[in-house]
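Undergrad: Residues are numbered in this note's numbering as their position in the sequence shown, beginning at 1, plus a constant of 48. No residue lacks a Cβ here, since even glycine has one placed at the ideal position from N, Cα and C.
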Amino acid sequence: MIRIFSVFRTFTYEWLSNQSILCNLVMITVQKEAHSPVMKRKIFVSLVLILSIISCEGPETTVTNIVGRNGSVLRKAEMSYTGGELTLADFNVPVDSTWNLADSMEISEKGDTTWFLFAEKLFVSADAINEAYLADTGKNSTVTRTAIFRRKFKWFTTTWYFAEKCDRSLIHGYPVTDHLSPAEISFMNLPEKISDELVGGPDSLKYRSLIDSIQQHTEQWIMRSLISEIIEDAGAICESSGKDSLTTEILRSHEPDFYRLAAEDEDVEKIATTVLGEKLYEKFKPEIDSALSVTDLKFDRSWLFEDYTLQIVMPADLKSTNGYSMSDGTLAWPVTGNHFLTEDYLMYAESSDINYWAVFVTLLFPVLVLFSMQRFKRS
49 MIRIFSVFRT
59 FTYEWLSNQS
69 ILCNLVMITV
79 QKEAHSPVMK
89 RKIFVSLVLI
99 LSIISCEGPE
109 TTVTNIVGRN
119 GSVLRKAEMS
129 YTGGELTLAD
139 FNVPVDSTWN
149 LADSMEISEK
159 GDTTWFLFAE
169 KLFVSADAIN
179 EAYLADTGKN
189 STVTRTAIFR
199 RKFKWFTTTW
209 YFAEKCDRSL
219 IHGYPVTDHL
229 SPAEISFMNL
239 PEKISDELVG
249 GPDSLKYRSL
259 IDSIQQHTEQ
269 WIMRSLISEI
279 IEDAGAICES
289 SGKDSLTTEI
299 LRSHEPDFYR
309 LAAEDEDVEK
319 IATTVLGEKL
329 YEKFKPEIDS
339 ALSVTDLKFD
349 RSWLFEDYTL
359 QIVMPADLKS
369 TNGYSMSDGT
379 LAWPVTGNHF
389 LTEDYLMYAE
399 SSDINYWAVF
409 VTLLFPVLVL
419 FSMQRFKRS
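1. Any idea what DSSP makes of Leu411, helix, strand or coil?
2. Check the DSSP bridge columns for Trp163 and list the partner residues they point to.
3. What would DSSP say about Lys202, mapped onto helix, strand or coil?
4. Do you know whose CA, among Ile275, Tyr404, Ala364, lies nearest Ile114's CA?
5. Could you say which of Phe419, Val415, Leu411, Lys158 lies nearest to Trp203 if we only look at CA atoms?
6. Could you name the residues of the same chain whose beta carbon sits closer than 7 Å to that of Ala282, not counting the 5 residues immediately before and after it, in chain order?
7. So Phe139 and Met153 are in contact, right, with Cβ under 8 Å, and what is the actual spacing, rounded?
8. Ser393 to Phe164, Cα distance in whole Å?
9. To the nearest angstrom, how far is the alpha carbon of Gly116 from that of Arg199?
10. Would you kindly work out how many angstroms separate the C-alpha atoms of Ala176 and Thr207, rounded to a whole number?
11. Are Phe347 and Ser217 close, meaning C-beta to C-beta below 8 Å?
12. Could you work out which residue in Asn148, Lys367, Asp376, Phe332 is closest to Thr205 when comparing CA atoms only?
13. Quick check: Thr369 and Leu358, are their CB atoms within less than 8 Å of each other?
14. Less than 8 Å between the C-beta atoms of Tyr209 and Tyr372, yes or no?
15. Comparing C-alpha positions only, which one of Glu108, Thr390, Ser120, Ser261 sits nearest to Ser276?
16. Does the count of Cβ pairs from the region 264–276 and the region 299–310 closer than 8 Å reach three?
17. May I ask which residues mark the beginning and end of the beta strand (DSSP E) holding Met362?
18. Does the separation of the CB atoms of Val111 and Tyr356 fall below 8 Å?
19. Given that a residue counts as buried once 16 or more other Cβ atoms are within 10 Å of its Cβ, and exposed if not, what is Met421?
20. Asp355 by DSSP, collapsed to three states: which one?
21. Please state whether DSSP places Tyr222 in a helix, a strand or coil.
22. Residues in the same chain with beta-carbon distance under 8 Å from His227, minus the five sequence neighbours each way, listed in chain order, please.
23. Helix or strand or just coil, what does DSSP make of Phe139?
24. Could you give the distance in angstroms between the alpha-carbon of Phe388 and the alpha-carbon of Ser350?
25. So, at 7 Å on beta carbons, what are the nonlocal neighbours of Thr221 in its own chain, with the 5 sequence-adjacent residues on each side left out?
What follows is the structure, given as structure tokens:
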């Protein structure tokens, strides 16, 4: 039986592969096991020191939402790739032939070719974007993504709120804040372009040390979250089977033992027989295998997710956001599988503007009232 806990592929490496400067450190080998009933992928991750910068990414994708005051959204998707020509199927968000499309290519002085594909479409509302997400059958269609727009009138001011949300993959995983520090989380939430600049800048040693810390803590977070999810899935299936000797509560009481053995890279059968005993494991083996399959499907939403950068341009003056403000005023977020592994990933921005006409009316009204009263007295 394969080693289930190696399948999580350490999201640190998943995240590192999203950083073009750092991906030269990562080599991922995937071995298919066609006869395994669960968790069919087995992954060995090795760190390889390469002195030159080598890109190991697929197409780089940026999605920009330009939000209008009336709730319409001009949505732009841009891809660049050095590995060959691009098609609509390469986009990490739903794009079809109804979009305005354009492509181009660029050859550098060294003779390297980069292909570009651009797409643009005006959506009348956030609901129209959500309809596109619901109809999507592309590479990221298993992840529930939602666009949200709200406009609020307060007489003197009008506020606009726009957000995109990715629903979490695991229901019973642990918050990332349980394992990563605020500084580590802040670095992970930087757009790729900014993190690349920091790692390649004068403080590169500082940020490489931070990445090592992120790697260690991310391994613990992913493994503990997977174990927690498997416990809940296995407990629910075992309890519903009519067999009364293995419950979620019992499995949860052994969580530290599961984690210890998984950290030692033991396989599923050895972990289960060591913790539960051979007799109990054999009795519930079908249910445990089913639970592993269920967890695997949920985990795949994050594991197989194709990353991209999301950008938002708001009307009026920015009031609040959890995004990174780029030099041109655009707000940016990295969208990767680990960002919504155990928690919903909300990327939002809120802006506001003064309703000067309301200010004018408010100031004018008492003047008109006073003028009317004076005319009334004279009459």
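TA: Looking at the coordinates:
1. Here residue 411 refers to the residue found at position 363 when the sequence shown is read from its first residue. DSSP places Leu411 within a helical segment (H, G or I) once states are collapsed to three.
2. Here the question's residue 163 lines up with position 115 in the sequence shown. Answer by DSSP bridge pairing, in chain order: Tyr129, Met153.
3. Within the sequence shown, numbered from 1, the residue matching residue 202 stands at position 154. Correct three-state label for Lys202: coil.
4. In the sequence shown, counting from the first residue as 1, residue 114 sits at position 66. Cα-wise, what sits closest to Ile114 is Ala364.
5. Counting from 1 along the sequence shown, the entry for residue 203 is found at position 155. It is Leu411 whose Cα lies nearest to the Cα of Trp203.
6. As a working mapping, residue 282 is identified with position 234 in the sequence shown. Here the set comprises Leu299, Glu335, Ile336, Ala339.
7. Residue numbering aside, residue 139 sits at position 91 when the sequence shown is read from its first letter. Residue numbering aside, residue 153 sits at position 105 when the sequence shown is read from its first letter. Actually they are not in contact, since the Cβ atoms of Phe139 and Met153 sit about 17 Å apart, beyond 8 Å.
8. Residue numbering aside, residue 393 sits at position 345 when the sequence shown is read from its first letter. Residue numbering aside, residue 164 sits at position 116 when the sequence shown is read from its first letter. Ser is not the amino acid found at residue 393; the sequence shown has Tyr there. Whole-angstrom Cα-Cα distance: 28 Å.
9. Position 68 of the sequence shown holds residue 116. Position 151 of the sequence shown holds residue 199. Computed Cα separation, rounded: 11 Å.
10. Taking the sequence shown and counting its residues from 1, the one referred to as residue 176 is at position 128. Taking the sequence shown and counting its residues from 1, the one referred to as residue 207 is at position 159. Each residue's CA atom was taken as its position, placing Ala176 and Thr207 some 21 Å apart.
11. Taking the sequence shown and counting its residues from 1, the one referred to as residue 347 is at position 299. Taking the sequence shown and counting its residues from 1, the one referred to as residue 217 is at position 169. Their beta carbons are under 8 Å apart, which means Phe347 touches Ser217 by this criterion.
12. Here residue 205 refers to the residue found at position 157 when the sequence shown is read from its first residue. It is Lys367 whose Cα lies nearest to the Cα of Thr205.
13. Translated into the one-based positions of the sequence shown, residue 369 becomes position 321. Translated into the one-based positions of the sequence shown, residue 358 becomes position 310. Not a contact, by the Cβ cut-off of 8 Å.
14. Taking the first residue of the sequence shown as 1, we reach residue 209 at position 161. Taking the first residue of the sequence shown as 1, we reach residue 372 at position 324. For the pair Tyr209 and Tyr372, the CB atoms are not nearer than the 8 Å cut-off.
15. The residue you call residue 276 lines up with position 228 of the sequence shown. Minimum Cα distance to Ser276 is reached at Thr390.
16. A contact exists between the region 264–276 and the region 299–310.
17. Translated into the one-based positions of the sequence shown, residue 362 becomes position 314. For Met362, there is no enclosing beta strand (DSSP E), as DSSP gives it neither H nor E.
18. For the purposes of this step, residue 111 is taken as the residue at position 63 of the sequence shown. For the purposes of this step, residue 356 is taken as the residue at position 308 of the sequence shown. Going by C-beta atoms, Val111 is nearer than 8 Å to Tyr356.
19. Against the sequence shown, residue 421 aligns to sequence position 373. Its Cβ having fewer than 16 others within 10 Å, Met421 is exposed.
20. On the sequence shown, position 307 is the one that residue 355 refers to. Coil, per DSSP.
21. What you label residue 222 is simply residue 174 of the sequence shown in a count that begins at 1. Coil, per DSSP.
22. Within the sequence shown, residue 227 is the residue found at index 179, counting from 1. These residues qualify, in order along the chain: His265, Thr266, Gln268, Trp269, Arg272.
23. In the sequence shown, the residue the question calls residue 139 occupies position 91. The answer is coil: DSSP assigns Phe139 none of H, G, I, E or B.
24. Residue mapping note: residue 388 aligns to position 340 of the sequence shown, counting from 1. Residue mapping note: residue 350 aligns to position 302 of the sequence shown, counting from 1. Put simply, the backbone Cα of Phe388 is about 7 Å away from that of Ser350.
25. Sequence index remark: in the sequence shown, residue 221 carries index 173 (1-based). Position check: residue 221 holds Gly in this sequence, whereas Thr was assumed. Excluding positions up to five away in sequence, the list reads Ser273, Ser276, Glu277, Leu389, Thr390.
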